[in-house]
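Undergrad: Numbering-wise, the sequence shown is residues 1 to 77 according to the UniProt record's numbering.
Cβ coordinates follow ideal geometry from the N, Cα and C atoms, glycine included.
A quick note: this is a predicted structure, and the numbers were derived from the prediction, not measured.
Got a structure for you, written out below as structure tokens; questions coming shortly.
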Amino acid sequence: MKADEYQLADFEVAALLLTLGFKLLDIDKTTPKKAIFLFENNPKIPETIDAYFNDSLSVNPHLLFMQSKSLKNRLYL
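Here you go:
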């Protein structure tokens, strides 16, 4: 992992980060059946992910759905 990027493989978390305005740099599709989402590194990403898994985060469901759809489109290009 490069210092200027944050990597994760969880699709739902990637969609959440996009919804909250974090910048997606690329999607590494090198490994079959497993995509790695590369985000611009931001010190708030780990605390945002923790808040998500602790159910202490609120997001607009419509925006989350739209980002999920957009991310799926990018995966299958």
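Using only the alpha-carbon positions, how far apart do Q7 and F37 sit?
TA: Start at 1 with the first residue of the sequence shown, and residue 7 comes out as number 7. Start at 1 with the first residue of the sequence shown, and residue 37 comes out as number 37. Looking at the two C-alpha atoms, the distance is approximately 6 Å.
Undergrad: Taking G21 as the reference, give the member of N41, P32, S56, N54 with the closest Cα.
TA: Counted from its first residue, the sequence shown places residue 21 at position 21. Out of N41, P32, S56, N54, N41 has the C-alpha closest to the C-alpha of G21.
Undergrad: Given a cut-off of 7 Å, decide if L24 and Q67 are closer than it, judged by their beta-carbon atoms.
TA: Looking up residue 67 in the sequence shown gives position 67. Looking up residue 24 in the sequence shown gives position 24. Contact flag unset, no.
Undergrad: To the nearest angstrom, how far is the alpha carbon of D50 from that of E12?
TA: To locate residue 50, count along the sequence shown from 1; it is residue 50. To locate residue 12, count along the sequence shown from 1; it is residue 12. Each residue's alpha carbon lies about 13 Å from the other.
Undergrad: Which of the three DSSP states, helix, strand or coil, is assigned to Y6?
TA: Counting from 1 along the sequence shown, the entry for residue 6 is found at position 6. Three-state result, Y6: strand.
Undergrad: Count the other CB atoms, across all protein chains shown, that sit within 10 Å of the CB of F39; report buried if there are 16 or more and exposed otherwise.
TA: Locating residue 39 in the sequence shown gives position 39, where the first residue counts as 1. Buried, because 16 or more other Cβ atoms sit within 10 Å of the Cβ of F39.
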